[in-house]
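Asker:
Numbering (the working numbering), first residue to last: 355 to 913.
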């Protein structure tokens, strides 16, 4: 408990005109949650999306769930040695729990689950599930079928970046390859316009989903499936039109037969309708849990690898009814090098951070951040508050725990499993959001919630906004930030750190000020638990209530 002496010292300038309260929250019990903080539950326990408060939520075990994740890599899981290397990323599960993640994104390569044609092995899926449950984490599984990003579709190399099974890699006749606009056949790029490889991947994905249904339909450790990753045809420069679509005989025929004249539009249609639709339909038929897809955000001129067919969100949503949403992999950099590393970190403003999420508000889509800068940058923590607090994203996930990108050599977790670089800032962000995550997600997208932070990283700020019709002032520094929710009356929920939230009201003087209640809390499924003692003061002369969010916390306020 913070001592009265420290409170007196902090507010000595106004003490003669103020009275400090010893609030009810100093007791061991927290009052029952007001009805405004009870978020609607679902009758279905399996992971699914459901609408509440005029936007869609991910529900898990009947309760709203927002995925706060980071991805782990895949390249140290080696072809021919999958069983031997199965535990290579095990140290990342306890590190993830320490950082405050509630979920890990874990890639699953098709080559791992179908080592021989028609023979399936789900030992790595089971191992990941066991590790996640041991460390009280959920899983998002990334299905890496015949595309996993970068320059290479069915494989990037034949060790850790073999995505399709070797029987497909070896058999170019049965499983034809894509041809670029110059007539060059790319051995590592499968054509999407010949049935054999589509049929084989559908069979493998169906078996994958059948296994998940068998092992996880009761425990729900696996909450969503990402289907492929940043797909393209060749995975090269966006501004090279020769690489925008497959020019194989089958693709040329489909292009002509369907009246296309635009290569990018054709790729988006062809990859979604003939491939992603059929995979997700087959998976949903077996076990209808949430599937999602992602792109690298940006413009053709950005030359970013991955997503070369264009970010045609509407086409994918129309063609793929079992895709729940399409997320954006949004990387910020002030100076991209030719090798796609970052020469100078971005000082992204709040407006710039919002831009990709605004752009992904398309049709039925729920905007989401499926990858974002990892490392020491403040961008990720700032965007997390915007994405969760303003847009109600179902998932927020930087890339990656042991690899920083686009900045180099700044991993969250070092080789000895200790935390470093931006891991502590991410822990502040995730741990604070987690204290009231259902309420934040429920009120996101409405005028009853506001996110407060500096316009640019590192600035001190003081901002007054109207939240649910009530003026609220937030002051912060050192990349502090806050979320304020005002559902009704004089009920408020504050979440944040390194910030002070101020209210002005005639009530804030003796004796009416005895009505004020300030409680530091954490949500426990259906009620609030006490989470320490709040730090606050009342200036009666100015009729101001100041609440100091020095460390990551959630505060209930009412009067």
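From the three backbone atoms N, C-alpha and C, an ideal C-beta is built for every residue, glycine too.
1. For residue 496, list the residues DSSP reports as bridge partners.
2. Can you tell me which of 910, 707, 773, 649 puts its alpha carbon nearest to the alpha carbon of residue 789?
3. When burial is assigned at 16 or more other CB atoms within 10 Å of the CB, is residue 770 buried or exposed?
4. Can you tell me the Cα-Cα spacing of residue 668 and residue 861, whole angstroms?
5. Measure how close the beta-carbons of residue 432 and residue 513 come, nearest whole angstrom, since I'm counting them as under 8 angstroms.
6. Going by the CB atoms, is the gap between residue 904 and residue 852 shorter than 8 angstroms?
7. Considering only C-alpha positions, which residue in the set 603, 799, 569, 536 is nearest to residue 409?
8. Tell me which same chain residues have a C-beta within less than 6 angstroms of the C-beta of residue 418, skipping the five on either side of it?
9. Please state the DSSP three-state secondary structure of residue 793.
10. From the DSSP output, in three-state form, read off residue 707 for me.
11. Hey, would you say residue 617 sits closer than 8 angstroms to residue 547, going by beta carbons?
12. Please go through the same chain and pick out, in chain order, the residues whose beta-carbon is closer than 6 angstroms to the beta-carbon of residue 846, but skip the five residues on each side of it.
13. In three-state terms, what does DSSP make of residue 743?
14. To which residues of the same chain is residue 404 closer than 8 angstroms at the C-beta, ignoring the five residues directly before and after it?
15. For the beta strand (DSSP E) holding residue 903, just list the boundary residues, first then last.
16. Can you give, in chain order, each stretch of the alpha helix (DSSP H) that sits fully within the stretch 544-619 and has at least 4 residues?
17. What residue range is occupied by the uninterrupted alpha helix (DSSP H) comprising residue 637?
18. Suppose contacts are defined by Cβ-Cβ distances below 8 angstroms. Is residue 463 in contact with residue 424 by that definition?
19. Any idea what DSSP makes of residue 410, helix, strand or coil?
20. When the distance is taken between beta carbons, is residue 742 closer than 8 angstroms to residue 787?
21. Under the three-state reduction of DSSP, which class applies to residue 699: helix, strand or coil?
22. Can you have a look at residue 542 and say buried or exposed, based on whether 16 or more other CB atoms are within 10 angstroms of its CB?
23. For residue 418, write down the residues that DSSP places opposite it in a beta bridge.
24. Would you call the CB atoms of residue 836 and residue 830 closer than 8 angstroms?
25. Spatial neighbours of residue 489 within its chain, please: CB distance less than 6 angstroms, with the 5 preceding and 5 following residues excluded, ordered by chain position.
26. Judging by CA-CA distance, which residue of 706, 874, 525, 838 is the nearest neighbour of residue 804?
27. To which residues of the same chain is residue 748 closer than 7 angstroms at the C-beta, ignoring the five residues directly before and after it?
28. One question on the structure: do residue 736 and residue 807 come within less than 8 angstroms of each other, judged by their Cβ atoms?
29. Keeping to the same chain, check which residues put their C-beta closer than 7 angstroms to that of residue 674; ignore five residues upstream and five downstream.
30. Taking contact to mean 3 or more Cβ pairs, one atom from each stretch, closer than 8 angstroms, check whether the stretch 474-493 and the stretch 558-575 are in contact.
31. Within the same chain, show all residues whose beta-carbon is closer than 8 angstroms to that of residue 444, passing over the 5 residues directly before and after it, in chain order.
32. Run through the stretch 799-882 for me and flag every whole beta strand (DSSP E) of 3 or more residues, listed as ranges in chain order.
33. What residues match up with residue 680 in a beta bridge as DSSP calls it?
34. Kindly indicate which three-state DSSP category residue 425 falls into: helix, strand or coil?
35. Where does residue 402 sit, in a helix, a strand or coil, going by DSSP?
36. Among all the DSSP beta bridges, which residues are the ones paired with residue 470?
Answerer: Considering the structure as presented:
1. 461, 580
2. 910
3. exposed
4. 51 angstroms
5. 5 angstroms
6. yes
7. 799
8. 393, 411, 792, 795
9. helix
10. helix
11. no
12. 840, 911
13. helix
14. 396, 398, 410, 411, 413
15. 898-903
16. 549-570, 603-611
17. 631-640
18. no
19. strand
20. yes
21. coil
22. buried
23. 413
24. yes
25. 447, 448, 451
26. 838
27. 412, 420, 421, 679, 720, 722
28. yes
29. 626, 630, 631, 634
30. yes
31. 485
32. 803-806, 815-821, 824-842, 845-858, 871-877
33. 647
34. strand
35. strand
36. 473
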